[in-house]
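Chains as they are written, first to last, in my numbering: chain A, -2 to 115; chain B, 10 to 126.
Ideal Cβ positions, reconstructed from N, Cα and C, are used throughout, including at glycine.
As the structure is a prediction and not an experimental result, all values here were calculated from the model.
In what follows, a structure is listed as structure tokens, so that the remarks can point back to it.
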């Protein structure tokens, strides 16, 4: 159980285009999902917290108008990179927590999406 | 200040031997959680083990155990009987500021483990 999927797994786009990445919790409901970004050989950095039915909470330094997050349902959050530029090329990973009773509130991660902007 | 510090950028271990990956953390909270994740070259983040700050016993999950020393603020991961498939990046992470409702994780810089035959 506790499976999180992401689509697409990789995408190559031209500079200036927008790219949408989907994150789905397949066997549990997640009121909160998280979006992280990972540059090569670096750690994961939190970009934003996606809340079902409300606006996302962005970390300092992350442009909310560039990285649009929509948490339309309890199992789906989307990240849209608008007007992508080469510096947006990165590995984007989402996570979700099933809020197990008495548990560690473990976050389960999607397989990630590798974005390359030409 | 770094919240999560992993001082070993890379580690080598012989197959079937045990290895300890270091992690120290910094928080003023009393309630927090510590996690270890494995990231193979495919990129997926695989949850390994969790330790709560109020847990009195060290967490164990199969070949993984967490050496939790609260006073030292360390949460080292011990992998026993290393296997070739253990070669990957390992990240220590913490969730604190629980009173604010924040549930996101803060990650360390990672340790690349290579298991040699």
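Quick check on residue i: buried or exposed, where buried means 16 or more other Cβ atoms within 10 Å of its Cβ?
| i | result |
| --- | --- |
| residue 116/B | buried |
| residue 31/A | buried |
| residue 70/A | exposed |
| residue 29/A | buried |
| residue 103/A | buried |
| residue 125/B | exposed |
| residue 77/B | buried |
Spatial neighbours of residue i within its chain, please: CB distance less than 7 Å, with the 5 preceding and 5 following residues excluded, ordered by chain position.
| i | result |
| --- | --- |
| residue 90/A | 33, 35, 41, 106, 107 and 109 |
| residue 26/B | 91 |
| residue 24/B | 91, 92, 93, 124, 125 and 126 |
| residue 12/A | 81, 82, 83, 114 and 115 |
| residue 8/A | 16, 110 and 112 |
Measure the CB-CB distance between residue i and residue j and report whether it falls below 9 Å.
| i | j | result |
| --- | --- | --- |
| residue 87/A | residue 112/A | yes |
| residue 44/A | residue 76/A | yes |
| residue 17/B | residue 31/B | yes |
| residue 58/B | residue 69/B | yes |
| residue 39/B | residue 98/B | no |
| residue 122/B | residue 22/B | yes |
Rounded to the nearest angstrom, how far is the Cβ of residue i from that of residue j, given a contact under 8 Å?
| i | j | result |
| --- | --- | --- |
| residue 79/B | residue 91/B | Their Cβ separation, rounded to whole angstroms, is 27 Å, which puts residue 79/B and residue 91/B out of contact at 8 Å. |
Output needed for residue i: all residues of its chain with C-beta closer than 8 Å, excluding positions within five of it in sequence on either side, in chain order.
| i | result |
| --- | --- |
| residue 61/A | 45, 53 and 55 |
For residue i, which residues from the same chain have a beta carbon less than 6 Å from its beta carbon, with the 5 sequence-adjacent residues on both sides left out?
| i | result |
| --- | --- |
| residue 129/B | Nothing can be reported for residue 129/B, as the shown portion of chain B is limited to 10 through 126. |
(message) By the 7 Å beta-carbon criterion, what residues does the segment 45 to 75 of chain B contribute toward chain A?
(response) Within the segment 45 to 75 of chain B, those residues whose Cβ lies closer than 7 Å to any Cβ of chain A are, in chain order, 52, 53, 54, 56, 59 and 61.
(request) For the segment 26 to 58 of chain A, enumerate the residues whose C-beta is nearer than 7 Å to any C-beta of chain B, in chain order. (result) Close to chain B, meaning a Cβ-Cβ distance shorter than 7 Å, are the following residues of the segment 26 to 58 of chain A: 29, 31, 40, 41, 43 and 46.
(request) Report the residues of the segment 111 to 123 of chain B with a CB closer than 7 Å to any CB of chain A, ordered along the chain. (result) Within the segment 111 to 123 of chain B, the residues whose Cβ lies closer than 7 Å to some Cβ of chain A are 112, 113, 114, 116, 117, 118 and 119, listed in chain order.
(request) Quick one: which residues of the segment 64 to 93 of chain A get their C-beta closer than 7 Å to a C-beta of chain B? List them in chain order. (result) Result list: 88 and 90.
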